[in-house]
Each structure stands twice: as structure tokens, then as C-alpha cells.
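Going left to right, the sequence shown walks through residues 5 to 83 as my numbering numbers them.
Every residue, glycine too, gets a C-beta built ideally from N, C-alpha and C.
Worksheet for the structure shown next.
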Amino acid sequence: MDFLKKLWPTPFKIEKGNVASLIVQLVIFVVVCAVIGWLIGLLAGIPLIGIIFSLAGALMEIYGLVGIVLCILKFIGTV
């Protein structure tokens, strides 16, 4: 559990049953991942280093998805 708290610290700030903290954390994950994904998408168009940025974009999507799942699990009290 400590490993998850180090990689995804923001979902563990959510209190069980507190809808406001859940919405705030979900908006943060969606907005940050969208902006960074958009920037990575622009950089992925460069032919030689596009592969590296494509991999970075995929890792960012996975990070965001796991963060959203952790937010929901923390909200319902299973984590």
C-alpha cells in the first residue's frame, strides 16, 4: 500500500463518502492527463522521437486510469 501511496498520492486524500473531494480529484486527474496527453500527442508527430513520446503517452494514460480507479475505490472505502 505504501508503494501505491508514493506513486498516486492524491487519491488517498479522498474521504470515504465525500463527493466533493472525489469530484475535485477526478477533475484534477482528467485535466492534467488531458493537457499532458495533448502535449505528448503534438510531440509524437516528430518522426524520429515520436516513438518515445508515443510510449510516454501510453504510460500517462495508464497512470491516469489507475489514479481514477484508486479514487473511486477510496471513495467507496475498499482501499
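- Per DSSP, reduced to three states, the secondary structure at VAL34 is helical.
- Rounded to whole angstroms, the separation of the alpha carbons of ILE44 and TYR67 is 14 Å.
- The beta carbons of TRP12 and GLY71 sit closer together than 7 Å.
- A straight-line Cα-Cα distance of about 35 Å links MET5 and ILE53.
- LYS78 and VAL34 have their C-alpha atoms roughly 17 Å apart.
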